[in-house]
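Enquirer: Protein chains in written order, with my numbering: chain A, 388 to 484; chain B, 192 to 332.
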């Protein structure tokens, strides 16, 4: 599932640009807008997040979302990832942006 | 006396809920700083055997000032990391110039560890066709 996400990092060796997810592929970025497209495994995306992505499709790395990604949904996604990987903490907090 | 063996062979890794795992990036891209293009993290009670790596770059259009191009696939355990494939060279000004690091690997990574691939191009102007990928098998510990 292609999702547009907030880009994190600074592009340095110790802090490369990336998205805040445990598993993704095919990242395309726009450092100016701070956005990136990433291909995320469907199993890592909770149903409510998938519904948000479907409701607000994005076609470029510039146009802002019509509504901000709700913090409650962001928290729920982080918890979904924590359960999915079961690594002892919610270390990923991706934001659709 | 009846002798019974309690030894039951453990299934091979590829018979322990094994799934193919891929990460890839394939794009025509201009100069950029270090950017992670894919990541794959091993979940609890799983392991991953990283089996093959492909890193390729072709000069699509010449840079005004050729710079350093770095592309790598790396494993990380949260503390340390190492390259398992890498291109690190000055971008060629010759359109069509091809460089690659394609290899088979046999690197096992464990729960919480991850494999990732990143690219950068420190040139001014120009564009590179960059391909970066790995294939592994993830299975029960």
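Backbone N, C-alpha and C fix where the C-beta goes; we use that ideal spot for every residue, glycine too. The model shown is predicted, which means the values in this text are computed figures rather than measured ones.
Checking contacts by CB at 8 Å: is residue 303 of chain B closer than that to chain A?
Expert: By one-based count along the second chain, residue 303 of chain B stands at place 112. With 8 Å as the cut-off, residue 303 of chain B counts as an interface residue toward chain A.
Enquirer: In its own chain, which residues sit with a C-beta less than 8 Å from the C-beta of residue 302 of chain B, not counting the 5 before and 5 after it?
Expert: Your numbering for residue 302 of chain B matches position 111 in the second chain. 233, 234, 235, 236, 237, 238, 332.
Enquirer: At a Cβ threshold of 8 Å, is residue 263 of chain B touching chain A?
Expert: Within the second chain, residue 263 of chain B is the residue found at index 72, counting from 1. Answer no: the Cβ-Cβ gap between residue 263 of chain B and chain A never drops below 8 Å.
Enquirer: Note down, in chain order, all residues in the segment 219 to 232 of chain B with a beta-carbon under 7 Å from any beta-carbon belonging to chain A.
Expert: Residues passing the 7 Å Cβ filter: 224, 225, 226, 227, 228, 229, 230, 231, 232.
Enquirer: For residue 470 of chain A, count neighbouring Cβ atoms within 10 angstroms of its own Cβ and tell me buried if that reaches 16, exposed if not.
Expert: Translated into positions along the first chain, residue 470 of chain A becomes position 83. By the neighbour-count rule (16 or more Cβ atoms within 10 Å), residue 470 of chain A is not buried but exposed.
Enquirer: With residue 340 of chain B and residue 318 of chain B assumed to form a contact (beta carbons below 8 Å), what rounded beta-carbon distance in angstroms separates them?
Expert: Residue 340 of chain B lies beyond the residue range present for chain B, which begins at 192 and ends at 332; the question has no answer from this structure.
Enquirer: For residue 312 of chain B, name the three-state secondary structure that DSSP assigns.
Expert: Indexing the second chain from 1 puts residue 312 of chain B at position 121. Three-state result, residue 312 of chain B: strand.
Enquirer: First and last residue of the alpha helix (DSSP H) that includes residue 439 of chain A?
Expert: The residue labelled residue 439 of chain A in the question sits at position 52 within the first chain. Per DSSP, residue 439 of chain A belongs to the alpha helix (DSSP H) from 434 to 442.
Enquirer: Let me know if residue 410 of chain A comes out buried or exposed under the rule of 16 or more other beta-carbons within 10 Å of its beta-carbon.
Expert: Sequence index remark: in the first chain, residue 410 of chain A carries index 23 (1-based). Buried.
Enquirer: Among residues of its own chain, excluding the 5 on either side of residue 289 of chain B, which ones have a beta-carbon nearer than 6 Å to its beta-carbon?
Expert: Taking the second chain and counting its residues from 1, the one referred to as residue 289 of chain B is at position 98. Taken in chain order, the residues that qualify are 249.
Enquirer: Suppose the cutoff is 6 Å on Cβ atoms and the five residues either side in sequence are ignored; what does the same chain contact list for residue 297 of chain B look like?
Expert: For the purposes of this step, residue 297 of chain B is taken as residue 106 along the second chain, with counting starting at 1. No residues qualify anywhere along the chain.
Enquirer: Between residue 320 of chain B and the rest of its own chain, which residues show a CB-CB distance below 6 Å, the 5 nearest in sequence each way excluded?
Expert: Here the question's residue 320 of chain B lines up with position 129 in the second chain. The answer, listed in chain order, is 219, 249, 251.
Enquirer: Among B:326, B:283, B:294, which residue has its Cα nearest to the Cα of residue 312 of chain B?
Expert: On the second chain, residue 312 of chain B is found 121 positions in, with the first residue counted as 1. Out of B:326, B:283, B:294, B:283 has the C-alpha closest to the C-alpha of residue 312 of chain B.
Enquirer: Please state if the CB of residue 261 of chain B and the CB of residue 275 of chain B are separated by a distance shorter than 8 Å.
Expert: For the purposes of this step, residue 275 of chain B is taken as residue 84 along the second chain, with counting starting at 1. For the purposes of this step, residue 261 of chain B is taken as residue 70 along the second chain, with counting starting at 1. It is not a contact, given that the beta carbons lie outside the stated cut-off.
Enquirer: Looking at chain B, which residues of the segment 459 to 478 of chain A have a Cβ within less than 9 Å of any of its Cβ atoms?
Expert: Residues passing the 9 Å Cβ filter: 471, 472, 473, 474, 475.
Enquirer: Rounded to whole angstroms, what is the Cα-Cα separation between residue 400 of chain A and residue 309 of chain B?
Expert: Stepping through the first chain from its first residue, residue 400 of chain A is reached at position 13. Stepping through the second chain from its first residue, residue 309 of chain B is reached at position 118. So the alpha carbons of these two residues sit roughly 10 Å apart.
Enquirer: So what does residue 295 of chain B bridge to, in DSSP terms?
Expert: Start at 1 with the first residue of the second chain, and residue 295 of chain B comes out as number 104. The partner list for residue 295 of chain B (beta bridge, DSSP) reads B:243.
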